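Right, one structure below, let's go through it.
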Amino acid sequence: MNDSVRRIDPSTDPGSAAAMLGCTPSQIGPCVRCQGLTVRYGSNTQPICPACRTRDERPA
Ligand SMILES: [Zn+2]
Numbered sequence: 163m164n165d166s167v168r169r170i171d172p173s174t175d176p177g178s179a180a181a182m183l184g185c186t187p188s189q190i191g192p193c194v195r196c197q198g199l200t201v202r203y204g205s206n207t208q209p210i211c212p213a214c215r216t217r218d219e220r221p222a
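So my numbering is basically just the index in the sequence shown, starting at one, shifted up by 162.
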């Protein structure tokens with residue numbers, strides 16, 4: 163179980179989101195699915211946020 167992966171609300175400060183995601187604030191952008199914050203720019207982009215990806219990995 164990995165319930166620690168949570169959606170990062172779009173109102174979250176980019177600096178805080180960057181710290182959670184392990185990237186820089188300039189790389190932060192909205193998830194294409196839930197609009198939560200994820201790594202959208204630069205190298206190693208993740209257009210689907212960690213919370214959505216974790217959900218995908220679980221059985222429906
Ligand atoms: Zn998402």
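Cβ coordinates follow ideal geometry from the N, Cα and C atoms, glycine included. Note that the structure is a prediction, hence the values are computed from the model and not measured.
Collapsed DSSP secondary structure at residue i in the structure displayed
i, result
"residue 177", "helix"
"residue 192", "strand"
"residue 187", "helix"
Opening and closing residue of the beta strand (DSSP E) in which residue i lies
i, result
"residue 216", "Careful: residue 216 lies outside any beta strand (DSSP E), inside the alpha helix (DSSP H) at 212–219."
"residue 201", "199–201"
Sequence-distant residues of its chain with Cβ nearer than 6 Å to residue i (five each side left out)
i, result
"residue 208", "200, 201"
"residue 186", "180"
"residue 177", "187"
Close Cβ partners of residue i (< 8 Å) along its chain, the five nearest in sequence each way excluded
i, result
"residue 203", "188, 189, 190, 191"
Residues whose Cβ lies closer than 7 Å to any heavy atom of ligand 1, in chain order: Listed along the chain, these residues meet the criterion: 169, 193, 195, 196, 198, 200, 210, 211, 213, 214.
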